[in-house]
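Novice: My structure is below; once you've seen it, I'll send some questions.
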Amino acid sequence: MRYAMAIDTRKCVGCSDCVVACQTENNVPIGYCRDWVVEIMAGTYPQLEIELRSERCNHCSNAPCVRCCPTGASHFEQGGIVTVTHKKCIGCGACIESCPYDARYSHPEGYVDKCTFCLHRVVDGQLPACVSVCPTKCMYFGDLDDPNSSVSNALKNRKYIVLAPEAGTQPQIYYLT
Amino acid sequence: MKEDLFVSGRMNPNIDPYLNIWHWQIPVYLFLGGLAAGLLFFAALYTILGKEKEMPTTVKWATFLVPFILILGLLALFIDLKHKLYFWQLYTTIRLESPMGWGAWVLMIITPISMVWVASYLKELIPSWDWKFDFLNKFEKWVIANRKGVAWVMIFYSVILGIYTGILLSAFNARPLWNTSLLGPLFLVSGMSTATALIMWMTKNEAERKLMSRIDLLLIGIELFFIVHLFMGFLASSAVQINAAQLFLGGQFTVSFWVFVIILGLLFPAGLEVLEMRGVHIPIVIPVVLILFGGLMFRFIMVEAGQITRYLY
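Chains P and S, in that order, are what the protein sequence lines are. Take 5 as the starting number for the first sequence in the working numbering and just add one per residue. Take 3 as the starting number for the second sequence in the working numbering and just add one per residue.
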């Protein structure tokens, strides 16, 4: 089982519902966010190209944050989801230094926090909060090892990229371009 | 034109606009750890070589500082933790792939060893010292009888202590400035250089000071060699490393690095030591303070600059 997300950047309108839904669902402290939307605009007016990307922790297969954690607080759950066990985290910040995507932050209560692919919803058979509120339905979440899942189908016929593949982390969020 | 901006707004404290999660506590510990590692390394080395009589400060008196240096370093690390009450979790597991885990365990081993080393020489400093407990007297006799064995253990762990901090930083592939295998050896040599400087300052034995001065010159030479290759490596690597090197070759850390670390911290004190060897009397405190200052500044600059460097996408 390999959980992954596919996000269609052509359908994203940059509404940031995914950001607000995540903050609500996961009680993210005010001033922090687990996911964010980036707009990349290239070209010269009027030939402008825009790409909108909703970014978060990529739950990498070769996660440097899991490797460098001295206590094992940062670990893999089912399907390769990377989570942090709060009461094992000492707040050393090594995992934050090791993430090329700046996906982690130091929670005011002391432990390190980040996107969890809403594991608490996924084990209940639901989708992550961000995926379920997206108004354009441009986000797909599921099991990559299942050839009939929505993620596998999304990746079948479209070109896609991952962020910073040269970092060697094998990220599991695929952006359909 | 290429414009890259946050539509949703993002300002995670200490993460945006650039990473700033490690503050002064980390460079202070890196400096103290390197210094302690160097002091223990030379104490063990000259014990193994059988030169305790010729190198009294190296083998004995300088090591008296080490337990305090290590405790101060550990205190700095503890202050840095953001989930302090759970620090003991570090010692519930051994994770071989985490250099920070190695560090936690090596410090756990080497701090008592340094205290034992100092304790075994306590009677030479304070002849009237009495351990009061029989098992402590027996332990002291055992350590003194097996000093070479203890020195071999100490030299092994002191090298790990001196090198693992560089390996720890170099294992973060997300920070291009640190992601070079040269960082471990560079930190080890720098730590040893600060240790030889401190020994030169403390000793009253002329021959010992001269020998430490020559070793220090060798270590400074190796350090400069490593730093040159560090930058050659960055400029021959991928775009993220080239960008990282630009911080030091025209960017915001150019002046502080080349003036405070290279010139004032390495080249100038090395020059003073060469003059001293040629007969010009230089008060030893000048090159020593410059070397210690340079070592500390090097770590402050590397920790701050490393967090600014990042992958580009």
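By construction, the Cβ of each residue, glycine as well, lies at the ideal position given by its N, Cα and C atoms. Remember, it's a predicted structure, so these values are computed and weren't measured experimentally.
Between the region 59-86 of chain P and chain S, which residues of the former have CB atoms less than 8 Å from a CB of the latter, in chain order?
Specialist: Listed in sequence order: PRO68, ARG71, CYS72, CYS73, PRO74, THR75, GLY76 and ALA77.
Novice: Along the region 90-123 of chain P, what residues have a CB closer than 7 Å to any CB found in chain S?
Specialist: LYS91, LYS92, CYS93, ILE94, GLY95, CYS96, GLY97, ALA98, ILE100, GLU101, SER102, CYS103, PRO104, ASP106, TYR109, SER110, GLY114 and TYR115
Novice: Beta-carbon separation of SER183 of chain S and GLU275 of chain S under 9 Å?
Specialist: Indexing the second sequence from 1 puts residue 183 of chain S at position 181. Indexing the second sequence from 1 puts residue 275 of chain S at position 273. No, they are not a contact pair.
Novice: Would SER160 of chain S and GLY297 of chain S qualify as a contact pair, given that the criterion is a beta-carbon distance under 9 Å?
Specialist: What you label residue 160 of chain S is simply residue 158 of the second sequence in a count that begins at 1. What you label residue 297 of chain S is simply residue 295 of the second sequence in a count that begins at 1. It is not a contact, given that the beta carbons lie outside the stated cut-off.
Novice: Given that CYS37 of chain P touches chain S, what residues does it touch there, using C-beta distances under 9 Å?
Specialist: The residue labelled residue 37 of chain P in the question sits at position 33 within the first sequence. SER10, GLY11, ARG12, MET13 and ASN14, listed in chain order.
Novice: For the region 133-153 of chain P against the region 11-26 of chain P, are there 3 or more C-beta pairs whose distance is under 8 Å?
Specialist: Contact check between the region 133-153 of chain P and the region 11-26 of chain P: three or more CB pairs, one atom from each, fall below 8 Å, which counts as touching.
Novice: Assign VAL152 of chain S to buried or exposed, taking buried as 16 or more other Cβ atoms, counted over all protein chains shown, within 10 Å of its Cβ.
Specialist: Numbered from 1 along the second sequence, position 150 holds the residue referred to as residue 152 of chain S. Under this definition VAL152 of chain S is a buried residue.
Novice: Provide the residue span of the alpha helix (DSSP H) that contains GLY47 of chain P, from first to last.
Specialist: The residue given as residue 47 of chain P occupies position 43 in the first sequence. Per DSSP, GLY47 of chain P belongs to no alpha helix (DSSP H); it is in the beta strand (DSSP E), 40-48.
Novice: So ILE177 of chain P is in the alpha helix (DSSP H); what residue range does that whole segment cover?
Specialist: Residue 177 of chain P sits at position 173 when you count from the first residue of the first sequence. Note, ILE177 of chain P: premise wrong, no alpha helix (DSSP H); beta strand (DSSP E) at 177-180.
Novice: Under 9 Å between the Cβ atoms of ARG211 of chain S and GLY76 of chain P?
Specialist: Within the second sequence, the letter at position 209 stands for residue 211 of chain S. Within the first sequence, the letter at position 72 stands for residue 76 of chain P. No, the Cβ-Cβ distance between ARG211 of chain S and GLY76 of chain P is not below 9 Å.
Novice: Which first and last residues belong to the alpha helix (DSSP H) in which SER195 of chain S is found?
Specialist: Position 193 of the second sequence, counted from the start, is the residue given in the question as residue 195 of chain S. SER195 of chain S -> alpha helix (DSSP H) spans 185-204.
Novice: What residue range is occupied by the uninterrupted beta strand (DSSP E) comprising MET9 of chain P?
Specialist: The residue you call residue 9 of chain P lines up with position 5 of the first sequence. Unbroken beta strand (DSSP E) run through MET9 of chain P: 7-12.
Novice: Using a Cβ-Cβ cut-off of less than 9 Å, list which residues of the region 22-33 of chain S approach chain P; keep chain order.
Specialist: ILE23, TRP24 and ILE28
Novice: Which residue's Cα is closest to the Cα of ILE286 of chain S: S:GLN27, S:ASP218 and S:ALA247?
Specialist: Translated into the one-based positions of the second sequence, residue 286 of chain S becomes position 284. Among S:GLN27, S:ASP218 and S:ALA247, the Cα nearest to that of ILE286 of chain S belongs to S:ASP218.
Novice: Cα separation between LEU76 of chain S and TRP154 of chain S?
Specialist: Against the second sequence, residue 76 of chain S aligns to sequence position 74. Against the second sequence, residue 154 of chain S aligns to sequence position 152. Roughly 24 Å separates the two Cα atoms.
Novice: From the DSSP output, in three-state form, read off LEU123 of chain P for me.
Specialist: In the first sequence, the residue the question calls residue 123 of chain P occupies position 119. LEU123 of chain P: helix per DSSP, three-state reduction.
Novice: Using a Cβ-Cβ cut-off of 9 Å, state whether PHE302 of chain S counts as contacting chain P.
Specialist: What you label residue 302 of chain S is simply residue 300 of the second sequence in a count that begins at 1. No, PHE302 of chain S does not count as interfacial toward chain P.
Novice: What does the Cβ neighbour count give for ASP117 of chain P, buried or exposed, with the cut at 16 atoms within 10 Å?
Specialist: Locating residue 117 of chain P in the first sequence gives position 113, where the first residue counts as 1. With 16 or more other Cβ atoms within 10 Å, it is buried.
Novice: Sort S:PRO19, S:LEU42, S:ARG12 and S:GLY52 by Cα distance to TYR36 of chain P and report the nearest one.
Specialist: Locating residue 36 of chain P in the first sequence gives position 32, counting from the first residue. Here the closest residue by C-alpha is S:ARG12.
Novice: As an exercise, report each continuous alpha helix (DSSP H) stretch of at least 4 residues that is fully enclosed by the region 99-185 of chain S, in chain order.
Specialist: 101-122, 124-127, 136-147 and 149-172
Novice: Mark VAL305 of chain S as exposed unless 16 or more other C-beta atoms lie within 10 angstroms of its C-beta, in which case mark it buried.
Specialist: To locate residue 305 of chain S, count along the second sequence from 1; it is residue 303. Looking at its Cβ environment, which holds 16 or more other Cβ atoms inside 10 Å, VAL305 of chain S is buried.
Novice: Within 9 Å (strictly less), CB to CB, does ALA25 of chain P reach chain S?
Specialist: One-based indexing of the first sequence puts residue 25 of chain P at position 21. ALA25 of chain P does not count as touching chain S.
Novice: Flag this pair as yes or no: are the beta carbons of GLY84 of chain P and MET3 of chain S separated by less than 9 Å?
Specialist: Residue numbering aside, residue 84 of chain P sits at position 80 when the first sequence is read from its first letter. Residue numbering aside, residue 3 of chain S sits at position 1 when the second sequence is read from its first letter. No, they are not a contact pair.
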